[in-house]
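Chemist: One structure, as structure tokens, below. Some questions next.
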Amino acid sequence: MTTLDDVDQLTTQRFRKMSPGNQDRLPPVDSRGLPPGPRWPVLVQTAGLLRFRHRFHPYLRRKYGDVFTVRLAPGGRPLVFFTRPEHAKEIFAGDPEVFHAGKANAILGPIMGEHSLLLQDGSEHKRARKLLMPAFNGHALRDYQSLVTEVARAEVGRWRSGETFRSLDRMNALTLEVILRVVFGVTDESRLARLRPRVNATVNISPAILLGWGYPWLQKYGPWRRTCENQVELDRLMYAEIRERRTAPDLADRTDVLSRLILQGDGGERLDDTELRDQLVTLLLAGHETTASALAWALYEAGRDPKLLVRCQRAATEGDDEFLDAVMKESMRLHPIIPMVVRTLMRPATVAGWQLPRGTTVGPSIVIAHQREDNHEDPWVFRPERFLGHNPPTNTWIPFGGGVRRCIGAGFALMEGVAVLREVFAAYDVAAVGRDEPKVRNITSVPRRGARIRVTAR
């Protein structure tokens, strides 16, 4: 069992071990046979991909076609983008022993840790996914739904008729509360008050912080040092919660994810404190701001279209969850939260006719997949009806990835989104205030101006 005195050392060791520069080294990639791409300096290409992805992906497709290569820091390792659904199908169906997602997500290692589901491959990933799946199956989602509705109703009940606010901020607060209560199982207000600012400081980082993981010496300075210090404090709180939960007298009766994972591991594959910490942080970061951004965009789009707003309100009143689910899906399509799905080749492989060497990272562009007119008619129009009664063709809507690595929390995210939209539209008229556009925050995209809305009681 982890003691609190171990935490500083554990966090320091994780940052050192999981720095992208300290990961298992793949051989240099001979780029002479790779698809075309810009010849700009590596740092410029990296900045373009991290900071300006919404313009960068379309620009590269216009200039180089459906397949193109960018080179990323540190070291200039190539990332080959594919933009057609048949390309995505090849990658998602690829042998998971060859197409490694964990290697491709290495930039997240210092925060998420080596046991994170997002960073594991092969048998380790299969084991971790098997342990996590029961916490996200249909029965578990039904258990969580009432709590999500309770949290959403409490948040919406604090809004005042006629007020204007950044919906992203309110949705972030709401989804954080859901994660802390549903995943961590924390209900004590004093503990929630200590956790909230630490979690927010972990989520609210710029791409420059992520880039800094490739240069460990930066962690002694400014924002990189503060990020490391915040991680130590968050780890202290999390390890304390894990240690106490293991001995909770009501552990067997609890339904939160942490308690389920502790019990799930008692059959011979017990998760130690570090494994639990890494999986909880993964669920926290993957399921907090992503859902909040999708909800904020959904409210913003409904607030721009009076007919859509009336349809949403009718759905909320009549219990038409199918339409609200379609609104969430269309929000994720028009405003993708994550720009790409990536895999690193552990052996040479052929994708879309291109023979690619070991060490190449490949991935479908979510941005392009959701914008292509041959995938989605009138792609710039917010039209939830695309998802009513059927889904778009396979691999044209991929916010949760695909294949054996499809996001384990996809069902939870959509359930949560529907529950929140139901509470909002049942209580308020919503009007968008001003225009908005996406901006990059850490690995996610969010509304630049917070998707400002004005609410009026119905």
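Mapping of the sequence shown onto the working numbering: residues 1 to 458, in sequence order.
Here a beta-carbon is modelled for each residue, glycine too, at the ideal position from N, C-alpha and C.
Please report the Cβ distance between V80 and T360, rounded to the nearest whole angstrom; I am assuming they are in contact, meaning their Cβ atoms lie under 8 angstroms.
Modeler: Here residue 80 refers to the residue found at position 80 when the sequence shown is read from its first residue. Here residue 360 refers to the residue found at position 360 when the sequence shown is read from its first residue. 6 angstroms between Cβ atoms; contact.
Chemist: I need the DSSP call for H100, collapsed to helix, strand or coil.
Modeler: For this step, residue 100 is matched to residue 100 along the sequence shown. The answer is strand: DSSP assigns H100 an E or B state.
Chemist: Could you tell me the boundaries of the alpha helix (DSSP H) in which Q9 lies?
Modeler: Position 9 of the sequence shown holds residue 9. Where Q9 is concerned, the enclosing alpha helix (DSSP H) stretches over 7-18.
Chemist: Just to confirm the assignment: which complete alpha helix (DSSP H) runs, minimum length 4, are found wholly within the segment 174-205?
Modeler: 189-203, all fully within the segment 174-205.
Chemist: Mind checking S146: buried by the 16 CB within 10 Å criterion, or exposed?
Modeler: The residue labelled residue 146 in the question sits at position 146 within the sequence shown. Under this definition S146 is an exposed residue.
Chemist: Look at A292 and N172 and say whether their C-beta atoms are less than 7 angstroms apart.
Modeler: To locate residue 292, count along the sequence shown from 1; it is residue 292. To locate residue 172, count along the sequence shown from 1; it is residue 172. Result yes, Cβ atoms of A292 and N172 sit closer than 7 angstroms.
Chemist: In angstroms, rounded to a whole number, what distance separates the CA positions of F52 and Q45?
Modeler: Within the sequence shown, numbered from 1, the residue matching residue 52 stands at position 52. Within the sequence shown, numbered from 1, the residue matching residue 45 stands at position 45. Near 10 angstroms, if we compare the C-alpha coordinates of Q45 and F52.
Chemist: Taking the alpha helix (DSSP H) that I453 belongs to, which residues open and close that run?
Modeler: Position 453 of the sequence shown, counting from 1, holds the residue named residue 453. Taken as a continuous stretch (DSSP letters only), I453 belongs to no alpha helix (DSSP H), being part of the beta strand (DSSP E) at 452-457.
Chemist: I believe I459 touches P249 by the beta-carbon criterion, under 8 angstroms. Please report the beta-carbon distance rounded to the nearest angstrom.
Modeler: No answer is possible for residue 459: it lies beyond the span of the chain, which begins at 1 and ends at 458.
Chemist: Looking at the structure shown, is L218 part of a helix, part of a strand, or coil, going by DSSP?
Modeler: Counted from its first residue, the sequence shown places residue 218 at position 218. The answer is helix: DSSP assigns L218 an H, G or I state.
Chemist: With a CB to CB cut of under 8 angstroms and the five nearest residues on each side skipped, what residues in its chain are close to P134?
Modeler: Stepping through the sequence shown from its first residue, residue 134 is reached at position 134. Result list for P134: A140, R260, Q264, in chain order.
Chemist: Considering only residues of the same chain and omitting the five flanking positions on each side of A104, which have a CB-CB separation below 6 angstroms?
Modeler: For the purposes of this step, residue 104 is taken as residue 104 along the sequence shown, with counting starting at 1. Counting only Cβ-Cβ distances below 6 angstroms, and skipping sequence neighbours, we find V342, R343, T344, T361.
Chemist: Quick one: using the 10 Å Cβ neighbour count with 16 as the cut-off for buried, is V29 buried or exposed?
Modeler: Sequence index remark: in the sequence shown, residue 29 carries index 29 (1-based). When all chains shown are included, V29 counts as buried.
Chemist: Have a look at the DSSP bridge pairing and note the partners of V446.
Modeler: Here residue 446 is taken as the residue at index 446 of the sequence shown, counted from 1. Residue pairing from DSSP places V446 in a beta bridge opposite K439.
Chemist: Can you list, in chain order, the stretches of the beta strand (DSSP E) that have 3 or more residues and sit fully within the segment 221-260?
Modeler: Complete beta strand (DSSP E) runs here, min 3: none at all.
Chemist: Taking T227 as the reference, give the member of L210, R243, R236, I242 with the closest Cα.
Modeler: Position 227 of the sequence shown, counted from the first residue, corresponds to residue 227. Selected option, being the one with the closest Cα: L210.
Chemist: Looking at the secondary structure, which residues open and close the beta strand (DSSP E) in which Q355 lies?
Modeler: Numbered from its first residue, the sequence shown carries residue 355 at position 355. Counting along the chain, the beta strand (DSSP E) containing Q355 begins and ends at 354-356.
Chemist: Going by DSSP, name the residue or residues bridged to V351.
Modeler: Indexing the sequence shown from 1 puts residue 351 at position 351. For V351, which the question treats as bridged, DSSP gives the partners W354.
Chemist: By the 10 Å Cβ neighbour count, where 16 or more other Cβ atoms means buried, how is P348 classified, buried or exposed?
Modeler: Along the sequence shown, one-based indexing puts residue 348 at 348. P348 sits exposed, since fewer than 16 C-beta atoms from the chains shown fall within 10 Å of its C-beta.
Chemist: Three-state secondary structure (DSSP) at M346?
Modeler: What you label residue 346 is simply residue 346 of the sequence shown in a count that begins at 1. If DSSP states are grouped into helix, strand and coil, M346 belongs with coil.
Chemist: How far does the beta strand (DSSP E) with G359 in it reach, from first residue to last?
Modeler: Residue numbering aside, residue 359 sits at position 359 when the sequence shown is read from its first letter. Per DSSP, G359 belongs to no beta strand (DSSP E) and is neither H nor E.
Chemist: Would you kindly work out how many angstroms separate the C-alpha atoms of Q120 and V404, rounded to a whole number?
Modeler: The count along the sequence shown starts at 1 and reaches residue 120 at position 120. The count along the sequence shown starts at 1 and reaches residue 404 at position 404. Cα to Cα, the separation comes out at about 12 angstroms.
Chemist: Among residues of its own chain, excluding the 5 on either side of L482, which ones have a beta-carbon nearer than 6 angstroms to its beta-carbon?
Modeler: In the structure as shown, the chain starts at 1 and stops at 458, and residue 482 therefore has no counterpart that could be examined.
Chemist: Using only CA atoms, which one of A240, R311, I107, P36 lies nearest to D6?
Modeler: Taking the first residue of the sequence shown as 1, we reach residue 6 at position 6. The option with the nearest alpha carbon to D6 is A240.
Chemist: In angstroms with no decimal places, state the Cα-to-Cα distance between G185 and E177.
Modeler: By 1-based counting over the sequence shown, the position of residue 185 is 185. By 1-based counting over the sequence shown, the position of residue 177 is 177. Rounded to the nearest whole angstrom, the C-alpha separation of G185 and E177 is 10 angstroms.
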